[in-house]
Amino acid sequence: MINVTKTYLPPLSEYTHYLQQIWERAHVTNNGPVVLELEAQLRERLDVPMLQVVTNGTIAIQLALKALDISGEVLTTPFSYVATTTALMWEHCTPRFVDINERDFCIDADKIEQAITSTTQAILATHVYGYPCDVERIGAIAQKHGLKVVYDAAHAFGTKYKGRSVLSYGDLSTLSFHATKLFHTIEGGAIAGPDAARYEKIWLLKSFGHKYDDYYTVGINGKVSEVHAAMGLCLLPKVDGFIRRRREICEMYDALLRDVGVVRPQPLPGVEYNYSYYPVVFASESELERVRAALAENDVNTRRYFYPSLNRLPYLEGEACPISESIAKRVLCLPLYVELADEDVDKICRIVREQFVPSVCQ
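Following the working numbering, the numbering of the sequence shown begins with 148 at its first residue and continues without gaps.
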C-alpha cells in the first residue's frame, strides 16, 4: 500500500539518546529542559520572538483565541481542516465564513471587508496546504477595522513570504506538529507570533493559570511532554532535507501530470514554499471519484483534503461559499512523504493518466 502520507521516524538510536537523558532526570513533563530546548531552537529556526510548544494544533488555536480575548464573531475560511472551525465553536465564538480565491484556495482578502459587522472581533485564516494567505492585505484590513488576526499555519512550517517567516504576520499563528506533518513531535503544536510580550499570558493559559502557589487566571493543561519534545529535537536538523526531497517529488508530479487536465494551486509571488502537500483539482467530482477509485484498486491511498467545505458542516448554518464548495468537491491530495520512491510516483501518475483520454498515455 502506498499511503497518502507516512510518518518519518528517525533512527531509534537518535531518539533513545534523548530518552536516556529523560530517564536519568526523571523529569518527563511540566516544561522540562527538552521542551525548553526545542522551543529555543524553533524560535531561531522559524525566526519569531515568541513561540511556545503545546499539546496539539487544535489546542493552539483555542489558546490563541483566549490569549487575544476573542469571544465574538470571527471571519474565517470554509476551506480548512475541521479543527479551524470547531476550535472557534468550542471557545463560544461565532464563525462567519468568507469564500476563498481560486488561485491558492486561501481566504479571499478582497471579500473580507464586506463581511465585517459590528460584532466582528477577529479574522482566523488558514495558510492552505502551506501557501500563505494575502497577509499584507489582511493586515491592512484588520488595522483599519481594529480586528485581531490569527493564522492557522498548521501546514506552513518553514514557509516564508518576501523573505519573512509567515509566522511573523498577524497577532498570533498556530502550528500543528502531528505525526503526519512535515515536522512533528508525534502529537503536538505551537503558538508563535511577533510580540514576545504575549509569552507570559500564553504560558499561564496552557499551565492551569498558575505558577506554583500563585494563581492568576483560568487555564487548561496545554503542556507537551519531554518525550514528545525529544522527537522534535531529533527531526528539526533534518527539516531542510525533508523539504528538498518533497520538492523533488512535487517536481516529478508536475512533469508527469503536466498534460493531464488537473489544476494546481498557485502561491503568491515571493513565497518560499515548504511542499507540504500535493493537491490536484479535477474538472468534476465524478472525475475525481473515478481517479480515486483507480488508485485505490492499485493500493494507492489518497485523501479528499479538504472535504466538505466547512460552511456545509451539518451542525452549523454557514454562508454560501460557492468557490470553496466547488473546490472541496473536486480536490484530491496525492501521496507525498520523504520516503516515497520515484517509482511509486511514476506508478501513481501512470494510473492517473490512464483515466483520461488515451492520447495522454501514449
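Just so you know, even glycine gets a beta-carbon here, dropped at the ideal spot from N, CA and C.
Which of helix, strand or coil DSSP assigns to residue i
{"i": "Y346", "result": "helix"}
{"i": "E249", "result": "coil"}
{"i": "R225", "result": "The residue you asked about is not Arg; residue 225 is Pro in the sequence shown. Looking at P225 - three-state DSSP - the assignment turns out to be coil, as it is neither helix nor strand."}
{"i": "F244", "result": "strand"}
{"i": "Y89", "result": "Nothing can be reported for residue 89: it is not among the residues displayed for the chain, which extend from 148 to 509."}
{"i": "I208", "result": "helix"}
{"i": "H357", "result": "strand"}
{"i": "L235", "result": "helix"}
{"i": "H302", "result": "coil"}
{"i": "V485", "result": "coil"}
{"i": "V386", "result": "helix"}
{"i": "Y276", "result": "helix"}
{"i": "A262", "result": "helix"}
{"i": "K328", "result": "coil"}
{"i": "T154", "result": "coil"}
Span of the alpha helix (DSSP H) around residue i
{"i": "Y162", "result": "L159 to R172"}
{"i": "I495", "result": "D489 to E501"}
{"i": "V182", "result": "P180 to L193"}
{"i": "L382", "result": "E373 to L382"}
{"i": "H292", "result": "V282 to H292"}
For residue i, the first and last residue of its enclosing beta strand (DSSP E)
{"i": "S320", "result": "L319 to S323"}
Proximal residues to residue i (C-beta, below 8 Å), its chain only, five neighbours per side dropped
{"i": "L215", "result": "A269, K295, V297, D318 and L319"}
{"i": "V282", "result": "Y298, Y308, V313, Y316 and G317"}
{"i": "N237", "result": "Here residue 237 turns out to be Trp, not Asn, going by the sequence shown. The answer, listed in chain order, is Q209."}
{"i": "T264", "result": "E220 and R243"}
{"i": "I390", "result": "G305, L329, N421 and Y422"}
{"i": "C381", "result": "P157, E161, Y162 and Y165"}
{"i": "I470", "result": "D246, I247, N248, E249 and D255"}
{"i": "R477", "result": "V428, F429, A430, S431, E432, E434 and L435"}
{"i": "F355", "result": "G366, I367 and N368"}
{"i": "R392", "result": "V485"}
Per DSSP, the bridge partner or partners of residue i
{"i": "I149", "result": "V447"}
{"i": "L271", "result": "T223 and V297"}
{"i": "Y308", "result": "R311 and V418"}
{"i": "I338", "result": "Q199 and T321"}
{"i": "I254", "result": "I247"}
{"i": "N368", "result": "S354"}
Residues near residue i in its chain [Cβ-Cβ closer than 7 Å; skip 5 each side]
{"i": "K309", "result": "G417"}
{"i": "S506", "result": "Caution is warranted here: a pLDDT of 45 is assigned to S506, below 50, making its placement in the model unreliable, and the coordinate value is therefore given only provisionally. If we look at S506 and ignore the five residues flanking it on each side, it has no Cβ neighbours."}
{"i": "I254", "result": "T224, V245, I247, A272 and C280"}
{"i": "K153", "result": "Y484 and E486"}
{"i": "M148", "result": "D446 and N448"}
{"i": "V175", "result": "I169, S372, E373 and V374"}
{"i": "P341", "result": "V195, P196 and S315"}
{"i": "Y425", "result": "C397, Y400, C480, L481 and L483"}
Contact set for residue i: own chain, Cβ-Cβ below 6 Å, skip 5 residues either direction
{"i": "Q509", "result": "For Q509, the predicted structure reports a pLDDT of 42, less than 50, and the residue's modelled location is therefore unreliable. A value from the coordinates is still provided. Once the five neighbours on either side are set aside, Q509 has no close Cβ partner at all."}
{"i": "F244", "result": "P225, N458, G465, E466 and C468"}
{"i": "Y452", "result": "C480"}
{"i": "K385", "result": "none"}
{"i": "A303", "result": "H274, G277 and V313"}
Short CB-CB distance (under 8 Å) between residue i and chain C
{"i": "A343", "result": "Looking for chain C here will not work: only one protein chain is present."}
Which ranges would you report for the beta strand (DSSP E) in the segment 395-480 if only whole runs of at least 3 residues count?
-> DSSP runs (the beta strand (DSSP E)) wholly in the segment 395-480: 426-428 and 478-480.
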